[in-house]
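Undergrad:
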Amino acid sequence: MYSMMRRRGAREKTSVFRDFLVRRARISDEHYNYFEDLYRLGAQGYDAYCVGSDRVWDIEGCRGGQPFYLSFLPDDARRFSFSSFIGMRALPQDEERRVREGLSRFDGLSVREARTQEYLMSLGLEAERHVDPTLAIPSQYWRRISSAPLVSGPYIAVYQLHRNPLLVNAASRMAKITGLPLVRIDYWRTMRMPGAKAFVAPSVEEFLGLVKNASFVVTDSYHGVAFSHIFETQFAAVPPPHCSIRLLAILNRLGTDRNLIRAVEQVDAIALRWGALTFNHERLDRERQRASDYIRSQVLGA
1 MYSMMRRRGA REKTSVFRDF LVRRARISDE HYNYFEDLYR LGAQGYDAYC VGSDRVWDIE
61 GCRGGQPFYL SFLPDDARRF SFSSFIGMRA LPQDEERRVR EGLSRFDGLS VREARTQEYL
121 MSLGLEAERH VDPTLAIPSQ YWRRISSAPL VSGPYIAVYQ LHRNPLLVNA ASRMAKITGL
181 PLVRIDYWRT MRMPGAKAFV APSVEEFLGL VKNASFVVTD SYHGVAFSHI FETQFAAVPP
241 PHCSIRLLAI LNRLGTDRNL IRAVEQVDAI ALRWGALTFN HERLDRERQR ASDYIRSQVL
301 GA
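289 is the number that full-length UniProt numbering gives to position 289 of the sequence shown; each next residue is one higher, with no gaps.
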């Protein structure tokens, strides 16, 4: 039963994001279901080919990462990455050889975390570091497409990706201190929190609206933290069991380390911070400009 519900949740998540892309992005009609199909993509002669963000070179999460080395492209194709991530401290030696060979053919390498940058440089690969694409886009875009308020009155939004007693206890404690109700944003039906109103598999616009209109966010999600910054929503960040480096990196980069909690009592101070989140806006603006300049230079071949 649990496995069946997880599969159902995965299908719902896929449907949510596919629907968003159909409505909000310009996508070609071509479909590439197998690695071998990607050779057709290489023959189309695009100006540049970009490997996107997040854990694209994670051999555990992306089935070996093979497509994301772009080995199917012709030798003269322009290729680059943007805000990519490995997902672990280091790769096995046999995978390191593939990384070194595949990524050495890129015209530009951009990663999201400092540790990934240092690791690639230890392999003899030059890499720049840029913010996540969600942060690279001006916040006005996200505000414009976010939904109208779905909850009447102030509330605490809980966005939980991993089973984590600390997160549940911190959210409950914050609710008790502030007197605010808990509202869960769930993409897995197996997640539960007694007494909380749940929005299961909301659209992307609804997800954005729930974060934007919350008084506080409690999350173990990198993008939960990212959108809390974008909407200037007060938040408590709980490190996830795996890949906490991503979450710690964004807090450090934007100067909001004080919002990290490793013990439930630490949520007390955050619960007193009513109003807009304060962080290093100037640094984020500079990072957005750097990201824009990098992408433009890669696409134009400058």
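Where is the CB? At the ideal position from N, CA and C, for every residue including glycine.
This structure is a prediction, so every number in the text was calculated from the model and none was measured.
On the premise that T233 lies in contact with V218, defined as a C-beta separation below 8 Å, what is that separation, rounded to the nearest angstrom?
TA: Here residue 218 refers to the residue found at position 218 of the sequence shown. Here residue 233 refers to the residue found at position 233 of the sequence shown. The pair is not a contact, with the Cβ atoms about 11 Å apart (cut-off 8 Å).
Undergrad: Can you tell me the Cα-Cα spacing of S81 and A263, whole angstroms?
TA: Here residue 81 corresponds to residue number 81 of the sequence shown, with the count starting at 1. Here residue 263 corresponds to residue number 263 of the sequence shown, with the count starting at 1. Cα-Cα distance, rounded: 37 Å.
Undergrad: With distances taken Cα to Cα, identify the nearest neighbour of S147 among S203, G275, D107 and V299.
TA: As a first step, residue 147 is located in the sequence shown; it is residue number 147 there, counting from the start. For the residues S203, G275, D107 and V299, the minimum Cα distance to S147 belongs to S203.
Undergrad: Using only the alpha-carbon positions, how far apart do R26 and R253 sit?
TA: As a first step, residue 26 is located in the sequence shown; it is residue number 26 there, counting from the start. As a first step, residue 253 is located in the sequence shown; it is residue number 253 there, counting from the start. So the alpha carbons of these two residues sit roughly 31 Å apart.
Undergrad: Please list the segments of the beta strand (DSSP E) lying wholly inside the stretch 190-242, counting only runs of 3 or more residues, in order along the chain.
TA: Qualifying beta strand (DSSP E) stretches, in chain order: 197-200, 216-219 and 234-237.
Undergrad: Provide the residue span of the beta strand (DSSP E) that contains L182, from first to last.
TA: By 1-based counting over the sequence shown, the position of residue 182 is 182. Per DSSP, L182 belongs to the beta strand (DSSP E) from L182 to D186.
Undergrad: With H, G and I counted as helix, E and B as strand and the rest as coil, what does DSSP make of V56?
TA: Numbered from 1 along the sequence shown, position 56 holds the residue referred to as residue 56. In the structure shown, V56 sits in coil (DSSP, three-state: anything other than H, G, I, E or B).
Undergrad: Drop a sphere of 10 angstroms on the beta-carbon of D132, count the other beta-carbons inside from all chains shown, and report buried for 16 or more, exposed for fewer.
TA: Stepping through the sequence shown from its first residue, residue 132 is reached at position 132. Under this definition D132 is a buried residue.
Undergrad: According to DSSP, is L260 part of a helix, a strand, or is it coil?
TA: For this step, residue 260 is matched to residue 260 along the sequence shown. Strand at L260.
Undergrad: Would you say A196 and A157 are within 7 Å of each other, going by their C-beta atoms?
TA: Here the question's residue 196 lines up with position 196 in the sequence shown. Here the question's residue 157 lines up with position 157 in the sequence shown. No. Outside cutoff.
Undergrad: Counting only the same chain and skipping the five closest in sequence on each side, list residues whose C-beta sits under 6 Å from that of D54.
TA: Position 54 of the sequence shown, counted from the start, is the residue given in the question as residue 54. Cβ neighbours of D54 beyond the five flanking positions: F85.
Undergrad: Can you say whether P138 is buried or exposed, counting buried as having 16 or more other CB atoms within 10 angstroms of its CB?
TA: Position 138 of the sequence shown, counting from 1, holds the residue named residue 138. So P138 ends up on the exposed side.
Undergrad: In chain order, what residues of the same chain lie with their CB nearer than 6 Å to the CB of Q44, ignoring the 5 residues before and after it?
TA: Sequence index remark: in the sequence shown, residue 44 carries index 44 (1-based). Nothing listed; no residue qualifies.
Undergrad: Going by the beta-carbon positions, is the gap between G42 and P74 smaller than 7 Å?
TA: Counting from 1 along the sequence shown, the entry for residue 42 is found at position 42. Counting from 1 along the sequence shown, the entry for residue 74 is found at position 74. Contact: yes.
Undergrad: Would DSSP call L284 helix, strand or coil?
TA: Your numbering for residue 284 matches position 284 in the sequence shown. Helix at L284.
Undergrad: How is the beta strand (DSSP E) around I156 delimited, first residue to last?
TA: Numbered from its first residue, the sequence shown carries residue 156 at position 156. Here the beta strand (DSSP E) through I156 covers I156 to Y159.
Undergrad: If you run the structure through DSSP and keep just helix, strand and coil, what is S110?
TA: If you number the sequence shown from 1, residue 110 lands on position 110. Here S110 sits in strand by DSSP.
Undergrad: Is the beta carbon of E128 closer than 7 Å to that of S110?
TA: As a working note, residue 110 is residue 110 in the sequence shown. As a working note, residue 128 is residue 128 in the sequence shown. Yes; because the gap between Cβ atoms is below 7 Å, this pair is in contact.
Undergrad: Who are the near neighbours of V267 in its chain, counting only those whose CB is closer than 6 Å to its CB and skipping five residues on each side?
TA: Sequence index remark: in the sequence shown, residue 267 carries index 267 (1-based). Taken in chain order, the residues that qualify are A170, R173, M174, A236 and I261.
Undergrad: On the DSSP bridge list, what partners appear for R129?
TA: Within the sequence shown, numbered from 1, the residue matching residue 129 stands at position 129. V111, per the DSSP bridge assignment.
Undergrad: Quick one: residues in its chain with C-beta nearer than 6 Å to the C-beta of T256, no 5 flanking neighbours on either side, listed in chain order?
TA: Taking the sequence shown and counting its residues from 1, the one referred to as residue 256 is at position 256. Counting only Cβ-Cβ distances below 6 Å, and skipping sequence neighbours, we find F279.
Undergrad: Which same chain residues, not among the five before or five after E205, have their C-beta less than 7 Å away from its C-beta?
TA: Within the sequence shown, residue 205 is the residue found at index 205, counting from 1. Around E205: I145, S146 and S147.
Undergrad: Beta-carbon separation of L38 and Y46 under 7 Å?
TA: For the purposes of this step, residue 38 is taken as residue 38 along the sequence shown, with counting starting at 1. For the purposes of this step, residue 46 is taken as residue 46 along the sequence shown, with counting starting at 1. Contact flag unset, no.
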